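Engineer: Per the numbering used here: the sequence shown = residues 35 to 374.
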Amino acid sequence: SHKLRTLLELAPALGLPIDMPFRNLSDEQKQLIIHGSTEHDFTGLDGFFKWLERRKYQMHFRVFYNRWHSYVTCASCGGSRLGKFPLAWRLDGTTIADACRMTIEDACKWFAALEIDADQRRVAQGLLDEIEARLGYLGEVGLGYLTLERPLRTLSRGEAQRVALTTALGSTLVQMLYVLDEPTSGMHPHDVSRLSQCITRLRDRGNTVVCVEHDESMIRAAEHLVEVGPGAGDHGGRITFQGTGAELLLSEESVTTPFLTGQRGFLSEQNRRPTRHGWIKLVNARGNNLKNLTVEFPLGVLCLVTGVSGAGKSSLVRETLYGAICKRKRKESDRPLPYD
Numbered sequence: 035s036h037k038l039r040t041l042l043e044l045a046p047a048l049g050l051p052i053d054m055p056f057r058n059l060s061d062e063q064k065q066l067i068i069h070g071s072t073e074h075d076f077t078g079l080d081g082f083f084k085w086l087e088r089r090k091y092q093m094h095f096r097v098f099y100n101r102w103h104s105y106v107t108c109a110s111c112g113g114s115r116l117g118k119f120p121l122a123w124r125l126d127g128t129t130i131a132d133a134c135r136m137t138i139e140d141a142c143k144w145f146a147a148l149e150i151d152a153d154q155r156r157v158a159q160g161l162l163d164e165i166e167a168r169l170g171y172l173g174e175v176g177l178g179y180l181t182l183e184r185p186l187r188t189l190s191r192g193e194a195q196r197v198a199l200t201t202a203l204g205s206t207l208v209q210m211l212y213v214l215d216e217p218t219s220g221m222h223p224h225d226v227s228r229l230s231q232c233i234t235r236l237r238d239r240g241n242t243v244v245c246v247e248h249d250e251s252m253i254r255a256a257e258h259l260v261e262v263g264p265g266a267g268d269h270g271g272r273i274t275f276q277g278t279g280a281e282l283l284l285s286e287e288s289v290t291t292p293f294l295t296g297q298r299g300f301l302s303e304q305n306r307r308p309t310r311h312g313w314i315k316l317v318n319a320r321g322n323n324l325k326n327l328t329v330e331f332p333l334g335v336l337c338l339v340t341g342v343s344g345a346g347k348s349s350l351v352r353e354t355l356y357g358a359i360c361k362r363k364r365k366e367s368d369r370p371l372p373y374d
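1) With a cut-off of 8 Å on the beta carbons, I'd call S348 and V97 a contact; round off their distance for me.
2) Ends of the alpha helix (DSSP H) at G277?
3) Can you list, in chain order, the residues of its chain whose CB lies under 6 Å from that of P372, leaving out five sequence neighbours each side?
4) Under 8 Å, do V262 and T278 count as touching if we go by C-beta distance?
5) Hey, would you say S190 sits closer than 8 Å to V226, going by beta carbons?
6) With a threshold of 8 Å, are at least 3 pairs of Cβ atoms found where one atom belongs to the segment 169–183 and the other to the segment 131–144?
7) Straight-line CA distance for G112 to K90?
8) Would you decide whether M210 is buried or exposed? Buried here means 16 or more other CB atoms lie within 10 Å of its CB.
9) Return yes when the Cβ of D249 is within less than 8 Å of the Cβ of T291, no when it is not.
10) Drop a sphere of 10 angstroms on the beta-carbon of Y171, count the other beta-carbons inside from all chains shown, and report buried for 16 or more, exposed for fewer.
11) Identify which residue in R156, N58, A47 has its Cα closest to the Cα of E73.
12) Which runs of the beta strand (DSSP E) spanning at least 3 residues fall entirely within the segment 98–147, listed in chain order?
13) Along the chain, where does the beta strand (DSSP E) containing P332 start, and where does it finish?
14) Between which two residues does the alpha helix (DSSP H) containing Y356 stretch?
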């Protein structure tokens with residue numbers, strides 16, 4: 035609002051009509067609004083967005099900034115964020131930017147089939163071995179579909195945790211203590227088994243892994259269990275069980291035992307609320323790995339979106355649906371991923 039007031043005050047001196055739509059202004063007048071005027075100490079829209087960018091660490095500034103800010107592919111580097119010199123080098127006809135656009139699975143195959151002469155291989159063998167090992171770890175934990183250029187902040191929680199674990203797997207450290215706080219939180223059962231295999235490999239190297247965990251498969255995989263309880267708050271703070279998994283199944287004090295033995299379970303309420311309040315339809319959602327999905331969400335009910343880690347759940351609901359609704363209702367939010 036301050037910039038707008040400044041622009042309106044300077045309009046007569048700048049020769050800008052204030053009763054004309056922006057699209058009808060001359061190119062010179064548009065450039066004046068965008069780039070400002072040093073003569074009149076007016077920074078224009080460019081200066082305003084630079085001011086916003088310096089304050090993006092605050093949520094409300096970041097949301098406002100993203101609402102009016104979009105990205106275009108650089109014509110010089112093609113979006114690789116690399117200069118001409120590094121892009122000039124090629125390995126078997128492939129630039130580093132081309133390699134980073136590959137999925138992890140494709141990159142594994144490319145490095146395995148890399149054709150270089152004996153002298154080059156002798157110099158680069160150690161580096162190639164390390165690259166292939168790191169890519170192999172990422173593939174083993176089910177992340178082969180991710181591209182190497184994918185920003186870490188765009189990964190789901192399950193994906194990010196597995197990336198962090200592969201970093202530990204790639205190290206040669208032994209006799210280390212790893213402390214994991216609910217590593218399976220938010221993960222699909224299919225992904226939990228992969229994560230369990232990674233944790234087991236850390237243990238097999240002679241490391242100690244301590245997990246805070248509730249997942250049944252992780253409980254059954256542990257060699258030693260410690261249960262704290264029996265309740266929460268003032269009702270907790272005691273060791274209700276300590277021992278092996280086989281001993282846990284025989285425990286009479288454990289809160290967990292009845293769920294593992296089938297004596298207790300989760301109630302499944304069969305009386306579902308009817309979907310009588312309409313639907314929200316999202317057409318051709320195609321951000322990240324979504325492939326032109328058209329989905330209908332019923333209103334007035336509990337609607338669950340599930341699937342394995344990386345399938346596109348967060349991209350669909352949080353990054354597309356939520357942003358689309360905010361845009362329709364003229365509410366502030368990050369710009370939604372593409373849809374029709």
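Virtual Cβ for every residue (Gly too), placed ideally from N, Cα, C. The model shown is predicted, which means the values in this text are computed figures rather than measured ones.
Structural biologist: Once the coordinates are examined:
1) Here residue 348 corresponds to residue number 314 of the sequence shown, with the count starting at 1. Here residue 97 corresponds to residue number 63 of the sequence shown, with the count starting at 1. So it is not a contact: roughly 18 Å between Cβ atoms.
2) Taking the first residue of the sequence shown as 1, we reach residue 277 at position 243. For G277, there is no enclosing alpha helix (DSSP H); the enclosing beta strand (DSSP E) covers residues 272–277.
3) On the sequence shown, position 338 is the one that residue 372 refers to. If we look at P372 and ignore the five residues flanking it on each side, its Cβ neighbours are R320, G321.
4) Within the sequence shown, numbered from 1, the residue matching residue 262 stands at position 228. Within the sequence shown, numbered from 1, the residue matching residue 278 stands at position 244. In this structure, T278 does not lie closer than 8 Å to V262 by Cβ.
5) Position 156 of the sequence shown, counted from the first residue, corresponds to residue 190. Position 192 of the sequence shown, counted from the first residue, corresponds to residue 226. Their beta carbons are not under 8 Å apart, which means S190 does not touch V226 by this criterion.
6) Yes: at least three Cβ pairs fall under 8 Å.
7) Here the question's residue 112 lines up with position 78 in the sequence shown. Here the question's residue 90 lines up with position 56 in the sequence shown. Going by C-alpha positions, G112 is about 25 Å away from K90.
8) What you label residue 210 is simply residue 176 of the sequence shown in a count that begins at 1. Exposed: under 16 other Cβ atoms inside 10 Å.
9) Along the sequence shown, one-based indexing puts residue 291 at 257. Along the sequence shown, one-based indexing puts residue 249 at 215. Not in contact: T291 and D249 (Cβ atoms no closer than 8 Å).
10) If you number the sequence shown from 1, residue 171 lands on position 137. When all chains shown are included, Y171 counts as buried.
11) In the sequence shown, residue 73 corresponds to position 39, counting from 1. The residue with the shortest Cα to Cα distance from E73 is A47.
12) none
13) Along the sequence shown, read from residue 1 onward, the residue named residue 332 stands at position 298. Here the beta strand (DSSP E) through P332 covers 327–332.
14) Position 322 of the sequence shown, counting from 1, holds the residue named residue 356. Residues 356–362.
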